[in-house]
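Numbered according to the working numbering, the sequence shown spans residues -17 to 88.
A quick write-up on the structure given underneath.
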Amino acid sequence: MLITTTSNIEGKRIVKYVGLVNGEAIIGANLVKDFFTTIKDVVGGHSGAYVQALREAKSIALKELIDQATRLGANAIIGVDLDYQTIGSNGAMLMVSANGTAVVVE
């Protein structure tokens, strides 16, 4: 599956616009991870726990996006946009949404 943030794919011709596709992922951040992240933020350093959580959520959202496009008969997704947001009390949950247009290219 070809995926791009642009509205076209160089060297490919879009022959059919299948429709809008999306995928979402919501992951809870646990208290231990939050505690150690706070310590790293205070003393400086890289918050590996949150980086990993972001990567995991992005991966899930993109997989859902691809699965939906595949079910619709698309072989590419253009105009992909990834959005990140914290939700819940004190940002306890991390939400990643992926949106794009499923197309058929030749």
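In this text, a Cβ means the ideal position worked out from N, Cα and C, and glycines have one as well.
Legend entry - Contact between the region 34 to 43 and the region 55 to 62 (3+ Cβ pairs under 8 angstroms): Judged by Cβ distances under 8 angstroms, the region 34 to 43 makes no contact with the region 55 to 62, as fewer than three pairs qualify.
Inset, instruction - Measure the CB-CB distance between residue 78 and residue 51 and report whether it falls below 9 angstroms. - result: On the sequence shown, residue 78 is found 96 positions in, with the first residue counted as 1. On the sequence shown, residue 51 is found 69 positions in, with the first residue counted as 1. No, the pair does not count as a contact, with Cβ atoms beyond the cut-off.
Legend entry - Whole-Å CB distance - residue 48 paired with residue -17, under 8 angstroms assumed: Indexing the sequence shown from 1 puts residue 48 at position 66. Indexing the sequence shown from 1 puts residue -17 at position 1. At roughly 5 angstroms, the Cβ-Cβ gap stays under 8 angstroms, so residue 48 and residue -17 are in contact.
Legend entry - Buried versus exposed, by CB contacts within 10 Å (16 or more), residue 82: In the sequence shown, the residue the question calls residue 82 occupies position 100. Buried, by the Cβ-count rule.
Legend entry - Among 76, -15, 71 and -3, the one whose alpha carbon lies nearest that of residue 32: What you label residue 32 is simply residue 50 of the sequence shown in a count that begins at 1. Considering only alpha carbons, the answer is 76.
Inset, instruction - Please classify residue 17: does DSSP put it in a helix, a strand, or coil? - result: Position 35 of the sequence shown holds residue 17. Low local confidence applies: a pLDDT of 48 at residue 17 is under 50, so the model's placement there is unreliable, with the coordinate-based value given in what follows. It is helical.
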